[in-house]
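Q: Just so you know, the sequences run in chain order A and B. The numbering of the first sequence is my numbering, which starts it at 1 and goes up by one. The numbering of the second sequence is my numbering, which starts it at 1 and goes up by one.
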Amino acid sequence: MKKSNRRRFLEITALGGTLAACKTGGKVEEPAPSRLGKPVSAYGERAPFEKAARWTRTTRTPEQASSNTPHQDLNGIVTPSSLHYERHHAGVPRIDPAEHRLLIHGMVERPLIFTMDELHRLPSVSKIYFLECAGNTSSEWPEKTAPDVQQSHGLASCSEWTGVPLSLVLAECGVKPGASWILAEGADPCRMSRSVPLAKCLDDVLLAYGQNGEAIRPEQGYPLRLFVPGWEGNISVKWLRRIKVGDQPTYTRDETSKYTDLMPDGTARQFTFEMEAKSVITYPSGGQKLSGPGFCEVKGVAWSGRGRIERVECSTDGGKTWKDAQLQEPRLRIAFTRFRFPWNWDGSEALLVSRCTDETGYVQPSKEELIAVRGLHSNYHYNGTKVWKVAADGSVSNV
Amino acid sequence: MCKGWSALLLLAAALAAQSPKYHVGRAPTSDEIKAWDISVLPDGTGLPEGKGSAVEGKALYESRCQKCHGAKGEGGDYEQPIAGGKDTLKTPKPIKSVGSYWPYATTVWDYVNRAMPFDRPETLTHDQVYSAVAYVLFLNGLVGEKDVLDAKSLPLIKMPNRDGFVKDPRPDVAAPSKKKGS
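1) Is the CB-CB distance between A:L240 and A:R225 below 8 Å?
2) Three or more C-beta pairs under 8 Å: does that hold for the stretch 86-98 of chain B against the stretch 173-190 of chain A?
3) With respect to the alpha helix (DSSP H) encompassing B:T106, which residues constitute its N-terminal and C-terminal limits?
4) For A:Y259, which three-state DSSP category applies?
5) Leaving out five residues before and five after A:H89 in sequence, what residues of the same chain have Cβ atoms less than 6 Å from its Cβ?
6) With DSSP as the reference, identify every bridge partner of A:F114, one or two as the case may be.
7) Note down, in chain order, every chain A residue with its Cβ under 8 Å from the Cβ of B:S39.
8) Let's test the definition: count the other Cβ atoms within 10 Å of the Cβ of A:T337 and tell me whether it reaches 16, buried, or not, exposed.
9) Under 7 Å Cβ-Cβ, which residues of chain A neighbour B:L139?
10) Between B:F138, B:P160, B:P81, which has its C-alpha nearest B:S53's C-alpha?
11) Could you check whether the Cβ of A:L112 sits closer than 8 Å to any Cβ belonging to chain B?
12) Can you list the residues of chain B that A:F339 reaches, using a CB-CB cut of under 7 Å?
13) Where does A:K367 sit, in a helix, a strand or coil, going by DSSP?
14) To the nearest angstrom, report how far apart B:V136 and B:V108 are at their CA atoms.
15) According to DSSP, is B:L154 helix, strand or coil?
16) Quick check: what's the CA-CA separation for B:P94 versus B:T88?
17) Closer than 8 Å, CB to CB, is A:F227 near chain B or not?
18) Of the choices A:V387, A:N398, A:T79, whose alpha-carbon is the least far from that of A:E132?
19) Could you check whether the Cβ of B:G164 sits closer than 8 Å to any Cβ belonging to chain D?
20) I need the straight-line Cα distance from A:V387 to A:Y222, nearest angstrom please.
21) Could you name the residues of the same chain whose beta carbon sits closer than 7 Å to that of A:Q364, not counting the 5 residues immediately before and after it, in chain order?
22) DSSP three-state call for A:P218: helix, strand or coil?
23) Leaving aside the five residues before and after A:P93 along the sequence, list all residues of the same chain whose C-beta is less than 7 Å from its C-beta, in chain order.
24) Is there contact between the stretch 311-328 of chain A and the stretch 104-113 of chain A, where contact requires at least three CB pairs shorter than 8 Å?
25) If you draw a straight line from the C-alpha of A:K2 to the C-alpha of A:H71, how long is it?
26) Just list the alpha helix (DSSP H) runs in the stretch 27-96 of chain B, keeping only unbroken ones of 4 residues or longer that don't cross its boundaries, in chain order.
27) Within the 8 Å Cβ cut-off, does B:K179 reach chain A?
28) What separation, rounded to the nearest whole angstrom, lies between the Cα atoms of A:S304 and A:K367?
29) Give a yes or no on contact between the stretch 285-294 of chain A and the stretch 239-256 of chain A, applying the rule of three or more CB pairs nearer than 8 Å.
30) To the nearest whole angstrom, what separates the beta carbons of A:R306 and A:G230, a pair I think is in contact under 8 Å?
31) For A:S82, is the classification buried or exposed, using 16 other Cβ atoms within 10 angstroms of its Cβ as the cut-off for buried?
32) Using 8 Å as the cut-off, can you tell me whether the stretch 49-68 of chain A makes contact with the stretch 153-172 of chain A, which would need three or more C-beta pairs spanning the two stretches below that distance?
33) In whole angstroms, what separates the C-alpha of B:P103 from that of B:P42?
34) Taking one C-beta from the stretch 46-66 of chain B and one from the stretch 139-159 of chain B each time, how about it: are there three or more such pairs within less than 8 Å?
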């Protein structure tokens with residue numbers, strides 16, 4: 001936050017300097033390059049002035065933890081791979097792709113083992129998809145505890161993923177009649193495993209090895225991950241080593257004890273896969289400060305696991321009145337959509353909030369509407385609207 | 001367009017089920033499959049030979065599990081409770097322990113076998129996994145101290161919250177009545 005504010009301050013000061021120079025007849029001198037700049041390099045680095053970083057809560061088990069994307073520092077719809085959120089259950093394994101294998105077995109005519117080289121030979125696709133942890137924004141269920149958008153919404157990111165359609169590989173194996181689920185298992189130390197309905201696997205699931213043009217990062221599952229578009233991040237099993245085709249779910253720990261949604265009546269929803277439509281304003285957002293009244297472009301992102309974002313509305317009075325935001329094209333299915341909303345801040349207290357509508361007509365609910373149905377203990381799948389308060393002094397906070 | 005793409009893939013899958021198209025990859029041996037296939041189903045499919053009781057599990061639990069999970073499974077600095085919490089799921093402070101929440105004892109076995117102890121997963125023998133699971137179930141009052149768990153007896157344990165799970169009814173939150181315009 002502070003860094004972000006400082007950068008904006010620097011930008012504004014730089015602009016002021018330019019204007020001042022014009023007024024005084026252009027006395028600003030270009031600094032003469034006294035020496036050559038840096039030479040070409042094998043792998044690029046960002047500017048040393050840029051400090052945007054993932055955020056991690058203090059933990060005694062950083063191998064079983066998560067880190068959040070700094071939405072307040074990002075533009076556009078693609079999250080840099082280095083800033084994509086993380087969620088690991090037993091640390092990031094070091095896997096040599098030459099040694100890695102994917103086994104597909106169970107209810108198939110021909111069990112097969114693939115090397116990474118063999119998977120790379122198969123027909124591939126590239127798709128821009130968001131990925132969101134089921135627990136993203138869970139800090140909003142009770143009293144709102146996250147001070148900024150990175151902590152409240154940072155377990156969602158968006159990348160271009162490249163890989164082989166799982167349907168294609170399953171066809172090579174020949175799925176037997178009666179099969180209805182697969183079990184996907186990782187090569188991480190806890191062998192993270194999840195069951196996925198076969199119908200989804202035959203629809204749009206990928207065996208992904210590429211992210212934003214290069215190989216998937218180790219913390220995203222290098223060299224191979226399952227990618228299940230629009231569904232809770234946990235099911236996109238990283239470091240994928242095994243797929244077992246069967247006729248029932250396996251009821252693994254992460255689809256029984258975890259990633260199930262406890263309701264007020266004591267029952268728990270299971271296999272709650274889809275991430276419902278959600279939006280959040282990233283600027284101005286919690287922890288930032290507006291330097292004074294005047295024009296301010298409100299910016300944010302919206303996404304839906306059920307398809308394309310069709311509409312984003314913004315309110316500056318806490319949701320009493322709404323106006324349409326501008327949507328950046330292209331609007332892709334199951335991807336971040338950037339929205340912008342021109343606002344003239346009059347200097348009085350304001351409550352900024354956005355809400356989105358996806359292609360199914362589903363409208364993002366408020367926190368109160370969510371809690372009225374699901375109570376306070378479902379933990380996962382929070383997608384309520386997010387209100388930021390702009391105080392008269394320009395400071396922005398979570399309310 | 002996307003539906004058409006899916007339909008094409010489904011068609012491709014149906015066709016290729018007759019014969020492989022790309023002939024990439026190799027057939028695994030049955031030993032390879034056996035070595036990799038560690039998952040266990042609720043009916044016990046996948047459970048290996050071996051056995052253990054809470055009596056045997058106690059020492060193992062105290063040396064390898066207690067630090068995180070607490071002496072009585074009450075949780076600790078690193079983990080939430082794995083025991084207790086009976087009849088709390090409807091209350092303002094629900095406790096989702098093995099005994100109060102987990103629907104299948106087989107899932108406990110599968111998870112301990114693949115992921116525990118946290119810092120040294122997959123180091124327990126099958127007998128040790130049966131013993132550790134027996135001790136956790138004993139802490140929850142679900143088995144006797146001397147009850148022996150094996151591939152036959154473990155799946156027969158009826159977990160208290162077996163029927164506590166429901167299908168996903170979403171979208172479940174009604175859209176605001178005023179959807180259009182400001």
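All residues carry an ideal CB built from backbone N, CA and C; glycine is no exception. Only a predicted model underlies this, so the values are computations on that prediction, with no experimental measurement involved.
A: Checking against the coordinates, here is how it stands:
1) The count along the first sequence starts at 1 and reaches residue 240 of chain A at position 240. The count along the first sequence starts at 1 and reaches residue 225 of chain A at position 225. Yes; because the gap between Cβ atoms is below 8 Å, this pair is in contact.
2) no
3) Numbered from 1 along the second sequence, position 106 holds the residue referred to as residue 106 of chain B. Per DSSP, B:T106 belongs to the alpha helix (DSSP H) from 105-115.
4) Taking the first sequence and counting its residues from 1, the one referred to as residue 259 of chain A is at position 259. It is coil, neither helix nor strand.
5) Within the first sequence, residue 89 of chain A is the residue found at index 89, counting from 1. If we look at A:H89 and ignore the five residues flanking it on each side, its Cβ neighbours are Q64, C190, M192.
6) In the first sequence, counting from the first residue as 1, residue 114 of chain A sits at position 114. Bridge partners of A:F114: A:L102.
7) Walking along the second sequence from the start, residue 39 of chain B turns up at place 39. For B:S39, the residues of chain A that pass the 8 Å Cβ criterion are L183, E185, S193, K244, T250, T252, in the order they occur in the chain.
8) The count along the first sequence starts at 1 and reaches residue 337 of chain A at position 337. If you draw a 10 Å sphere on the C-beta of A:T337, you find 16 or more other C-beta atoms in it, and that means buried.
9) Taking the second sequence and counting its residues from 1, the one referred to as residue 139 of chain B is at position 139. The contact set of B:L139 on chain A, defined by CB atoms closer than 7 Å, is empty, because the minimum CB distance reaches about 15 Å.
10) The residue you call residue 53 of chain B lines up with position 53 of the second sequence. Measuring from the Cα of B:S53, the nearest candidate turns out to be B:F138.
11) Looking up residue 112 of chain A in the first sequence gives position 112. It does; some Cβ of chain B falls within 8 Å.
12) Against the first sequence, residue 339 of chain A aligns to sequence position 339. Here the premise fails: no neighbours, minimum Cβ distance about 15 Å.
13) Counting from 1 along the first sequence, the entry for residue 367 of chain A is found at position 367. Helix.
14) As a first step, residue 136 of chain B is located in the second sequence; it is residue number 136 there, counting from the start. As a first step, residue 108 of chain B is located in the second sequence; it is residue number 108 there, counting from the start. For B:V136 and B:V108, the distance between alpha carbons rounds to 9 Å.
15) On the second sequence, position 154 is the one that residue 154 of chain B refers to. In the structure shown, B:L154 sits in a helix (DSSP, three-state: H, G or I).
16) Residue 94 of chain B sits at position 94 when you count from the first residue of the second sequence. Residue 88 of chain B sits at position 88 when you count from the first residue of the second sequence. Taking the straight line joining both Cα atoms gives about 5 Å.
17) Taking the first sequence and counting its residues from 1, the one referred to as residue 227 of chain A is at position 227. False, the Cβ-Cβ gap to chain B never drops below 8 Å.
18) As a working mapping, residue 132 of chain A is identified with position 132 in the first sequence. It is A:T79.
19) Checking the listed chains, one finds no chain D in this structure; the protein chains it contains are A and B.
20) The residue given as residue 387 of chain A occupies position 387 in the first sequence. The residue given as residue 222 of chain A occupies position 222 in the first sequence. Each residue's alpha carbon lies about 37 Å from the other.
21) As a working note, residue 364 of chain A is residue 364 in the first sequence. Counting only Cβ-Cβ distances below 7 Å, and skipping sequence neighbours, we find A277, K278, S279, R355, C356, N383, T385.
22) The residue given as residue 218 of chain A occupies position 218 in the first sequence. Note: A:P218 maps to helix in three-state DSSP.
23) Position 93 of the first sequence, counted from the first residue, corresponds to residue 93 of chain A. Around A:P93: A187, D188, P189, W239.
24) no
25) Working through the first sequence from its first residue, we reach residue 2 of chain A at position 2. Working through the first sequence from its first residue, we reach residue 71 of chain A at position 71. Bear in mind that the predicted position of A:K2 carries a pLDDT of just 44, short of 50, making it unreliable; the figure below should be weighed with that in mind. When only Cα atoms are considered, A:K2 and A:H71 end up about 14 Å apart.
26) 30-36, 54-64, 66-69
27) Position 179 of the second sequence, counted from the first residue, corresponds to residue 179 of chain B. Bear in mind that the predicted position of B:K179 carries a pLDDT of just 44, short of 50, making it unreliable; the figure below should be weighed with that in mind. Yes, its Cβ sits closer than 8 Å to a Cβ of chain A.
28) Taking the first residue of the first sequence as position 1, residue 304 of chain A is located at position 304. Taking the first residue of the first sequence as position 1, residue 367 of chain A is located at position 367. One C-alpha to the other measures close to 17 Å.
29) Fewer than three beta-carbon pairs drawn from the stretch 285-294 of chain A and the stretch 239-256 of chain A are found closer than 8 Å, and the two stretches are therefore not classed as touching.
30) For the purposes of this step, residue 306 of chain A is taken as residue 306 along the first sequence, with counting starting at 1. For the purposes of this step, residue 230 of chain A is taken as residue 230 along the first sequence, with counting starting at 1. The pair is a contact, with the Cβ atoms about 6 Å apart (cut-off 8 Å).
31) Translated into positions along the first sequence, residue 82 of chain A becomes position 82. Exposed is the call here.
32) yes
33) Against the second sequence, residue 103 of chain B aligns to sequence position 103. Against the second sequence, residue 42 of chain B aligns to sequence position 42. The straight-line gap from Cα to Cα measures roughly 9 Å.
34) yes
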